[in-house]
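Numbering (our numbering), first residue to last: -15 to 47.
Think of the CB as a built atom: it goes at the ideal place given N, C-alpha and C, for glycine as much as any other residue.
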Amino acid sequence: MPKMKSKSSAKKRFDVTGTGKLKRKHAYKSHILTKKSTKRKRNLTYSGLVDQADAKNVREMLA
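Structure follows, in structure tokens:
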């Protein structure tokens, strides 16, 4: 039986940190930026972590 493939979309969106946590980017930073405040846009720049509830599904997509 062939190897299982990782989801290409997940490979592009998530990174695994050194401690095994999953890093992600924030949504809503790609377009229609004129109506969003500078503070909101700045806070969307920084990366976040995948929530505990979703981590299992994301790991399966990456495996």
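Counted within 10 angstroms of its Cβ, other Cβ atoms place residue i as buried (16 or more) or exposed
| i | result |
| --- | --- |
| L6 | buried |
Where residue i falls: helix, strand or coil (DSSP)
| i | result |
| --- | --- |
| K5 | coil |
| L17 | coil |
| D38 | helix |
In DSSP terms, what residue i is bridged to
| i | result |
| --- | --- |
| L33 | K7 |
Beta-carbon separation (whole angstroms), residue i vs residue j, contact threshold 8 Å
| i | j | result |
| --- | --- | --- |
| R(-3) | L33 | Not a contact, Cβ separation roughly 13 Å. |
Which listed residue (the options) has its alpha carbon closest to that of residue i
| i | options | result |
| --- | --- | --- |
| V42 | T29, T18, V0, M(-12) | V0 |
| R24 | K(-11), H10, Q36 | H10 |
| L64 | K19, S14, A37, T18 | As displayed, the chain neither begins before -15 nor continues past 47, which places residue 64 out of reach and without an answer. |
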